[in-house]
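Peer 1: Here it is, the structure, as structure tokens.
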Amino acid sequence: MLKNLGVINFFTPENQADIKISFFWFFLYNVCMKKIILLTLADSWHHFEKPITEYEKRLQKELAIIILKPHKSGEIETIRKLDTQDVIEELKKYSDSFVVFCDVLGKNIGDTKAMSVWLSQKMQQHKSVIFVIGGAYGLDTSLMKPYVDYILSFTDWTLPH
């Protein structure tokens, strides 16, 4: 089930979001999947277009990326709540999916092999798996909890965005 990814470095560590996304793509590459949906908040996605296109070719599976525009005006807590409400509205369209909320307070599954086994099981049980990644200020966990099936931390040092 696992494939040798080799040494691929599309992202640079200067951007914290790059690190999180590169982990995400690494795990996607190593699992057998029906449909994966990445739901995220981002102002700009153009710097990810080339590596994402490359991974889409390698995956040769159904993959959807949904990018919502983050809110910008107001207090941080207000922005977080508005962003969360937008994500929840989008999630309501996928009621038959397994929703994974990426958060610093989530559970760490372990190594790549454990992640691959876990994700493969979820893909067998559900039509699709949605990975939700918050914006610069994260998402309101208390509002998200009723809509998610699992809260995941990729590593102990997962960052809010």
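Quick note: my numbering has the sequence shown finishing at residue 209, numbered continuously throughout.
Beta carbons: idealized from backbone N, C-alpha and C, even for Gly.
All of these numbers come straight from a predicted model, not from anything done at the bench.
1) Are the beta-carbon atoms of L87 and E138 separated by less than 7 Å?
2) DSSP on V135, reduced to helix/strand/coil?
3) Just how far apart, CA to CA, sit V152 and T101?
4) Keeping to the same chain, check which residues put their C-beta closer than 7 Å to that of L111; ignore five residues upstream and five downstream.
5) Could you spell out the range, first to last residue, of the beta strand (DSSP E) harbouring A112?
6) If you follow the beta strand (DSSP E) that T189 is in, where does it begin and where does it stop?
7) What are the uninterrupted segments assigned as beta strand (DSSP E) that are 3 or more residues long and contained completely in the stretch 134-181, given in chain order?
8) Ignore the nearest five residues each way along the sequence and tell me which others in F149's own chain have a CB closer than 6 Å to its CB.
9) With 16 as the cutoff for other CB atoms within 10 Å, does D131 come out buried or exposed?
Peer 2: Quick answer:
1) As a first step, residue 87 must be located in the sequence shown, where it is residue number 39. As a first step, residue 138 must be located in the sequence shown, where it is residue number 90. It is a contact, given that the beta carbons lie within the stated cut-off.
2) As a first step, residue 135 must be located in the sequence shown, where it is residue number 87. It is helical.
3) Residue numbering aside, residue 152 sits at position 104 when the sequence shown is read from its first letter. Residue numbering aside, residue 101 sits at position 53 when the sequence shown is read from its first letter. When rounded, the distance between both Cα atoms is 28 Å.
4) Along the sequence shown, read from residue 1 onward, the residue named residue 111 stands at position 63. Here the set comprises I84, E104.
5) In the sequence shown, the residue the question calls residue 112 occupies position 64. For A112, the enclosing beta strand (DSSP E) has its first and last residue at 110-116.
6) On the sequence shown, residue 189 is found 141 positions in, with the first residue counted as 1. Element bounds for T189: not the beta strand (DSSP E) but the alpha helix (DSSP H), 189-192.
7) 146-155, 177-181
8) On the sequence shown, residue 149 is found 101 positions in, with the first residue counted as 1. The residues are V180, M192, V196, I199.
9) Residue mapping note: residue 131 aligns to position 83 of the sequence shown, counting from 1. Answer is buried; the Cβ neighbour count reaches 16.
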